[in-house]
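Trainee: In our numbering, the protein residues as written are 32 to 287.
1. Start and end of the alpha helix (DSSP H) containing residue 70?
2. Hey, residue 69 and residue 58: beta-carbon distance below 7 Å or not?
3. Alpha carbon to alpha carbon, what distance is there between residue 119 and residue 185?
4. Count the other C-beta atoms from every protein chain shown that fall within 10 angstroms of the C-beta of residue 285, then say buried if there are 16 or more, exposed otherwise.
5. Return the Cβ separation of residue 241 and residue 127 in integer angstroms, given the expectation that the two are a contact with Cβ distance under 8 Å.
6. Curious, which full-length beta strand (DSSP E) runs of at least 3 residues does the segment 239-272 contain?
7. For residue 210, name the three-state secondary structure that DSSP assigns.
8. Please say whether residue 206 and residue 192 have beta carbons closer to each other than 7 Å?
9. For residue 266, does the count of other Cβ atoms within 10 angstroms reach 16, so buried, or fall short, so exposed?
10. Have a look at residue 217 and residue 200 and give me their C-alpha separation to the nearest angstrom.
11. If you pair each beta-carbon of the segment 101-111 with each one of the segment 133-143, do three or more pairs fall below 8 Å?
12. Quick check on the burial criterion: 16 or more other C-beta atoms within 10 angstroms. Buried or exposed for residue 165?
13. Consult DSSP for residue 146 and reduce its assignment to one of helix, strand or coil.
14. Starting from the N-terminal side, write out each stretch of the alpha helix (DSSP H) that is 4 residues or longer and does not extend beyond the segment 163-225.
15. Could you tell me which residues DSSP puts in a beta bridge with residue 77?
16. For chain C, check one thing: does any of its Cβ atoms lie closer than 7 Å to the Cβ of residue 77?
17. What residue does the beta strand (DSSP E) around residue 281 start on, and which one ends it?
18. Quick check on residue 198: buried or exposed, where buried means 16 or more other Cβ atoms within 10 Å of its Cβ?
19. Given this structure, state the Cα-to-Cα distance separating residue 190 from residue 63, to the nearest angstrom.
20. Beta-carbon within less than 6 Å of residue 239's beta-carbon, same chain only, minus the 5 sequence neighbours each way: which residues are those?
21. Which of helix, strand or coil does DSSP assign to residue 120?
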């Protein structure tokens, strides 16, 4: 169960990843208001080198609910590290970089360690570190500058939606004050699969606006899994280490 809490958010967003994610300087939309909102969304992106803190994760599926405390560290664009503990004792760790994803759990004495080509082959879709990072810092999972989205405004903010013909339907809701993401939704109707991410609150720490609470709802074939993440005690700009070593004697998880 702890394994699912640590990696479900990774796998959920990866299930909808396609192609490489590249920074672009121009926006495809021809709507000048939409282009301005998109630019302000990226101008408001949290500007930091490193962040560390605590995460409270509550996991719920069709069978049970479980909560766990996580130590969280990130070096932007380079590494994401999480360590789960119960009653102060470490029980699992995950370490993700743009090239590799690694994980081990002490309770089951199992681990996974592979590059994204292995995970891509297993899931049947290319994976992307940046999309996971975007989810965790409150940015649009997909780069809004790369597609010509349908644009609308409503009481909740600015909405960007992919055309109905797209294989993966996407919806991004941007706050009309902070220009941060307040909701993101991805769905594949043919596969009966969906992902909804909502940000109920943001916090300002040392002038950096960062999510406080993230709710992730993943559904597939009528089965729902929820993860509620709450950031606590965030610190920015410190030099960080990412200690990770798979203990000897652990059994490798096979993705075949």
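Cβ coordinates follow ideal geometry from the N, Cα and C atoms, glycine included. Predicted, not measured: the structure shown is a model, and the values here were computed from it.
Mentor: According to the structure data:
1. Here the alpha helix (DSSP H) through residue 70 covers 63-74.
2. Yes, Cβ-Cβ distance for residue 69 and residue 58 is below 7 Å.
3. Looking at the two C-alpha atoms, the distance is approximately 45 Å.
4. The residue in question, residue 285, is exposed, as its Cβ has fewer than 16 Cβ neighbours within 10 Å.
5. Going by Cβ atoms, the distance from residue 241 to residue 127 rounds to 19 Å, so no, they are not a contact pair.
6. 239-251 and 254-267, all fully within the segment 239-272.
7. Assignment of residue 210 by DSSP, reduced to helix, strand and coil, places it in the coil class.
8. Not a contact, by the Cβ cut-off of 7 Å.
9. Counting Cβ neighbours within 10 Å, residue 266 comes out exposed, since fewer than 16 surround it.
10. Taking the straight line joining both Cα atoms gives about 6 Å.
11. Contact fails: fewer than three Cβ-Cβ distances are below 8 Å.
12. With 16 or more other Cβ atoms within 10 Å, it is buried.
13. When secondary structure is reduced to three states using DSSP, residue 146 falls in the strand class.
14. Fully enclosed alpha helix (DSSP H) runs of no fewer than 4 residues are not present anywhere in the segment 163-225.
15. Residue 77 is not bridged to any residue.
16. Of the protein chains in this structure there is only one, and it is not chain C.
17. First-last for residue 281: undefined, no H or E at that position.
18. By the 10 Å Cβ count, residue 198 comes out exposed.
19. Straight-line Cα distance between these residues: approximately 14 Å.
20. Hits under 6 Å: 77, 79 and 267.
21. The DSSP-derived three-state label of residue 120 is strand.
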